[in-house]
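Student: When the letters of the sequence shown are read in order and numbered with mature numbering (1 follows the signal peptide of the UniProt record, and there is no 0), they come out as residues -23 to -1, 1 to 113.
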Amino acid sequence: MNRASIKALFAAVMAAVVLTGCAKSQEDLTNELAERRAAVINSKAPYPKIDQYQIMKAKAQQNIVEITILYGGGGKVAPTQAAQAAAANFCSNPELTPMVSEGLGYLIQILDMRGRPVVQQPINAQFCAQIVAPGS
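#1: Please classify residue 48: is it buried, with 16 or more other beta-carbons within 10 angstroms of its beta-carbon, or exposed?
#2: DSSP beta-bridge partners for residue 32?
#3: Nearest-angstrom Cα distance between residue 25 and residue 46?
#4: According to DSSP, what are the bridge partners of residue 83?
#5: With DSSP collapsed to three states, give me the class of residue 94.
#6: Considering only residues of the same chain and omitting the five flanking positions on each side of residue 18, which have a CB-CB separation below 6 Å?
#7: Using the three-state DSSP reduction, which class does residue 73 fall into: helix, strand or coil?
#8: Please identify the residue among 55, 75, 51 whose C-alpha is closest to the C-alpha of residue 7.
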């Protein structure tokens, strides 16, 4: 190999290394999306109460957006039913469905007034597939 060939080969290898280093994996992109979604939710929190429920905050944990909801007790809708209804809405929301299909997940955490967990409802592509096609 002559000197020009070695330089060309070296340049090609370096370009490949640089491009590989800059490329983000699907996991990285989904994690960043979770961070952005949590930031959007937090920018409006705390939300006004609905019945005895109030969205307090959201945070990203890898590809999961954890949404914390405070439950004041004595509501018309039980926490389990509220979490299931919210999950069904997430699965049918045209803005959220594509993100969930790509690997973004949500976790609805309903806490009592003392901060104790009452309900945790995960929402992911598998869960949404069961909601859309029960019994599959």
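Just so you know, even glycine gets a beta-carbon here, dropped at the ideal spot from N, CA and C.
Tutor: On the basis of the supplied data:
#1: The residue given as residue 48 occupies position 71 in the sequence shown. Buried.
#2: Here residue 32 is taken as the residue at index 55 of the sequence shown, counted from 1. Looking at the DSSP assignment, residue 32 forms a beta bridge with 46.
#3: Counting from 1 along the sequence shown, the entry for residue 25 is found at position 48. Counting from 1 along the sequence shown, the entry for residue 46 is found at position 69. Looking at the two C-alpha atoms, the distance is approximately 11 Å.
#4: Numbered from its first residue, the sequence shown carries residue 83 at position 106. For residue 83, which the question treats as bridged, DSSP gives the partners 42, 100.
#5: As a working mapping, residue 94 is identified with position 117 in the sequence shown. Here residue 94 sits in strand by DSSP.
#6: In the sequence shown, the residue the question calls residue 18 occupies position 41. 35, listed in sequence order.
#7: Locating residue 73 in the sequence shown gives position 96, counting from the first residue. Looking at residue 73 - three-state DSSP - the assignment turns out to be coil, as it is neither helix nor strand.
#8: Position 30 of the sequence shown, counting from 1, holds the residue named residue 7. The residue with the shortest Cα to Cα distance from residue 7 is 75.
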